[in-house]
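Each remark here refers to the structure printed beneath this line.
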Amino acid sequence: MLAVVSYLGIAAAGTQPDVDSLLDGVREIAPGDENSSLCVFGERAFPVVDGWSEDGGTEPLIAAARLGKGRMVISGNTAYLEQSAFGDLDTPRLVKNVVRWAAGGKASPRLGVYGIEGLAWNLRALGFDARDIKLDERADCDVVLLLARNLKAGDVGPLSDYVSGGGGLVAGTVGHMVIHRAPGIDLATEFPGNRLIAPAGIVWAPGRLSATSPHGFRAEPRPELSSAAAALAAFEASERRERILSFSEVDQIHSTLARAIEYVPFDDTLLLPRLETALGPFRARAIPSAAIPIAPDDMPWRLVIRLDLARLRHTPPEQVRPHPAAAEFPGSVPGGAPRVTAQAPVATSGGRWGWIGTGLYAPPGEPITVRLPAALADKGLAIVIGAHTDTLWHLPIWKRMPQIVNWTAIRGAETRAANAFGGPIYILVPKDAGAGDFVATIAGGVAAPRFVYGKTGLGEWRSSLRHLPAPWAEIESSKVILTVPSALVRELDDPAALMEVWDRLSDLVTEFAGVPRERGRPERLVPDVQMRVDAVQHSGYPIVMQLAKAMSLVSRDELLKGRIEQTTFNKGVWGFSHEMAHNVQNPLWLFEGALEPTAELSTIYVYEKFYGIPVASNPHSSKEARAAEMARYDFAHPDYERWNDRWLGTTTYVQMQQAFGWDAFKRVLAEYLKLPESEWPQSDQEKRDQWMVRFSRQVGRNLGPFFQAWGIPTTEAARKSIADLPVWIPEDLPVPKGGGAGPR
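As numbered in this note's numbering, the sequence shown has no gaps in its residue numbers, which increase by one up to the final residue, 767.
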């Protein structure tokens, strides 16, 4: 916790005596089963007890505020109002203090409890006059105690009037549980509880808090900078050279204000206008790029970026303007490029779903209009503008804006959308939406290079399509879609030949996993100037890779080289195949430690079938490579945690492949696709057991000792079930052939 120091703003408002009153005799309070954060941002609001946030700073767990003539105390859990923790540690003393403070210091306040079983009885045991009430009986109470999750929209106005007129309110709920119960809710503005307390400068937030003491939450030292109002006051004082901030204070101020930008209602007038003014001098430089990234200690510029993107989320399309960072990435639309109205066929009747390309690009900050058949308004469709879905908020360095894709739900026959950063325009069709085939009419876009294998003619591509002005292009088949900078396709003469290669690679990946070659959602591959992970590329929809690999996507020659020295994660198609393999892995056979090795095994399969590089000749699976990996492992003391290594695990699978061939793997993987739900493994232990038993039965050999030799835990019952089979241990495994060491 941060030590208390004198500061401008909240302390000047005289809240420290209130905190002292609320925490009189309170040192430690019990936790709830779920502990959620609050955002405190009003000048008459203040934190009372903090918890540790997920980013290592602190956030308020309990806060208080004045609203009009009344008072409120708000909790990020419900334990202090329900039976679960009412009597633990100093919690009863806290409850006494809270009730009396909310009642304005009255010695014998009248308490009304709404919808909390047993609380009135507990309060009477503490000596209070308490009874269960309906909300319309609040006028006879000095303080109303309730769980905010029970509130309805119609309760907000009457309760607000009650508090403003001099009543007291004590309320609790868990922010992230509200979101869990109502997915998609805007917690700040749509949750009735927040609509009630936001005018006082507090809202429930979705952050999860952890305990600050061995048994719960420490009530000392007093929180300061976990209040956004206090954090902003400290920042302003620092800018005026009236306060010197420590490194820990700077970190806390940044995290507090960053959370406030996310959690405070977008129409707030208490904090956000002040923050806009304070950050004004930093706005011009808040443009991240690969050449000049935003660094971890660039606190004001990071806050400007957060504030800009938060504002954009609530800006009507007609009012969106181009963001200066768009010119850095993903790029600007060339001057003079015509805005067009075009019809984009969307074919989903064959089971196609996901992002459906339109061949159009939305210029940064310019609204587009999409018209669809009215019958599709309730099908869950959306307009997606932008291909770069990785968000970078968690990263210390930003080489581009942390979030640059815009989603707009389609709720009628005509929908307007805009993205300050621009991007390719897609129609998002959910799986099983039943949308059928339809035509989308899109106005305001710029034509983009797009080649669809089997539909687009090479003559048209060469003469016109590849020269269209949008900054990003797409080359696609029914199995793979490549999104690349348009500059890379201007000289691409034969995209059909390129996609033949990609389709073959896709077929091999699906062939190994036993899934259909034709899938409803093709794989998408997109290069980015910065990814959400520190890697060359990662799986997902889309598969994302470093921008430097973009040329590899559209170079048929490079894809076909297949040199042995290219079987590394950074060269050739190894990484592409690896990430596509991740996208078709089946969770039913994917136990801990198997994620990376099975993707590597799939890629070794691709290299054998596509490039003709046998497993025994591949640098990652040869006899020499296996020996080198096994030399790193202590077979006298096999350790599953140690086995949890990309190449040790791959060696294990390769030994099985070399003994039993690829068909054994493919047959076992195919079994899982036909399993009835009643036979699905439910735990990692069941997954390991099933994999060992199914493979053993498939090849007619007992792999139990082999799994034990590697330290892969299986149950005795599973091993007994294959004891009738002859034991198999590979010749190159450095353990006795009669069995293996390791856990039974």
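C-beta: ideal position from N, C-alpha, C; glycine also.
Cβ shell of residue i (< 7 angstroms), same chain only, five flanking positions each side left out
i	result
Met574	Leu511
Gly543	Gly374, Arg375, Trp376 and Lys454
Tyr449	Trp378, Ile379, Gly380, Thr381 and Val407
Ser562	Glu602, His605 and Asn606
Val532	Ser600, Met603, Ala604, Val607, Ser625 and Val629
Glu615	Asn667 and Asp707
Pro475	Reading off the sequence shown, one finds Val at residue 475, where the question assumed Pro. If we look at Val475 and ignore the five residues flanking it on each side, its Cβ neighbours are Glu499.
Lys92	Ser187, Gly188 and Gly189
Glu77	Gly230 and Arg231
Arg297	Leu255
Glu514	none
Ala125	Arg94, Met95, Val96, Val166, Gly191, Leu192 and Val193
Met715	Leu726, Gly727, Phe730, Thr737 and Ala741
Option nearest residue i by Cα separation, candidates the options
i	options	result
Leu756	Val722, Glu702, Thr674 and Lys743	Thr674
Ala741	Pro704, Leu418 and Ala571	Pro704
Thr412	Pro447, Thr381, Leu404 and Pro419	Pro447
Pro492	Ala148, Leu84, Asn641 and Val356	Val356
Cys62	Val552, Ala86 and Pro54	Ala86
Thr38	Ala471, Pro246, Asp668 and Leu451	Pro246
Trp227	Gly216, Pro340 and Lys689	Gly216
Gly482	Pro518, Val503 and Glu541	Pro518
Phe20	Arg690, Leu326, Gly191 and His199	Absent from the model: residue 20. The displayed extent of the chain is 24 to 767, so no value can be given.
Gly224	Ala432, Phe258, Gly65 and Ala520	Gly65
Trp776	Pro340, Pro545, Gly239 and Ala252	A query on residue 776 cannot be resolved here, the shown segment of the chain reaching from 24 to 767 and no further.
Leu415	Val524, Pro316 and Thr431	Pro316
Leu428	Asp516, Tyr103, Arg336 and Val201	The question names Leu, but residue 428 in the sequence shown is Val. Comparing Cα-Cα distances from Val428 to each of Asp516, Tyr103, Arg336 and Val201, the minimum goes to Arg336.
Lys478	Met522, Ala436 and Leu451	Met522
Asp320	Lys402, His660 and Ile420	Ile420
Pro237	Trp484, Arg50, Thr101 and Asp516	Arg50
His417	Ala318, Leu583, Glu546 and Ala194	Ala318
Ala682	Leu158, Trp751 and Gly128	Trp751
Asp747	Leu404, Arg724, Tyr695 and Val121	Arg724
Gln342	Leu399, Arg439 and Glu259	Arg439
Residues bridged to residue i (per DSSP)
i	result
Ser487	According to DSSP, which records beta bridges pairwise, Ser487 is partnered with nothing at all.
Ala440	Ile391
Thr364	Ala466
Leu383	Ala470
Asp551	Gln569
His346	Paired residues: none, contrary to the question.
Phe461	Val369
Thr431	Ile406
Ser250	Val63
Tyr449	Gly380 and Val407
Ile498	Phe474 and Leu505
Gln560	Met568
Cβ-Cβ separation, residue j to residue i (assumed contact under 8 angstroms), whole Å
i	j	result
Pro288	Ala211	5 angstroms
Val462	Pro368	6 angstroms
Val179	Arg218	5 angstroms
Leu84	Val72	5 angstroms
Gly48	Arg116	5 angstroms
Ala441	Glu389	6 angstroms
Leu168	Leu134	6 angstroms
Ser44	His199	Contact flag wrong, Cβ pair sits at about 30 angstroms.
Ala410	Val549	5 angstroms
Glu437	Thr392	6 angstroms
Ser529	Val567	Not a contact, Cβ separation roughly 17 angstroms.
6 angstroms CB neighbourhood of residue i in its chain, flanking five on each side removed
i	result
Ala687	Gln721 and Val722
Ala34	Residue placement at Ala34 is flagged as unreliable, the pLDDT there being 41, under the threshold of 50; the coordinate-derived value follows with that caveat. Excluding sequence neighbours, Ala34 sits near nothing in its chain.
Arg172	Thr196
Thr364	Ala466
Arg423	Pro311, Phe352, Val552 and Gln553
Lys261	Residue 261 is actually Ser in this sequence, not Lys. Around Ser261: Leu268.
Ala370	Asp460
Same chain, Cβ closer than 8 angstroms to residue i, neighbours up to 5 away in sequence not counted
i	result
Arg334	Phe289
Ala536	Ala604, Val607, Gln608, Asn609, Ser625 and Leu692
Gly138	Leu169, Leu170 and Asn173
Val28	Low confidence applies to Val28: its pLDDT is 32, below 50, so where it sits in the model is not reliable, and the reading given next is rough at best. Glu247, listed in sequence order.
*At 4 residues or longer, and completely inside the stretch 48-131: list those alpha helix (DSSP H) runs for me, N to C.*
Segments of the alpha helix (DSSP H) lying fully in the stretch 48-131: 114-125.
*Unbroken alpha helix (DSSP H) runs of length 4 or more, entirely within the stretch 125-210: which are they?*
Within the stretch 125-210, the complete alpha helix (DSSP H) runs of at least 4 residues are 142-148, 179-187 and 198-204.
*asked:* I'd like the ranges of any alpha helix (DSSP H) spanning at least 4 consecutive residues and lying wholly in the stretch 289-338.
replied: As far as the stretch 289-338 is concerned, its whole alpha helix (DSSP H) runs of at least 4 residues are 295-302 and 322-336.
*Which runs of the alpha helix (DSSP H) fall wholly inside the stretch 652-723 and span at least 4 residues, in chain order?*
Restricted to the stretch 652-723, the alpha helix (DSSP H) segments that are unbroken, complete and at least 4 residues in length are 663-666, 669-696 and 707-722, listed in chain order.
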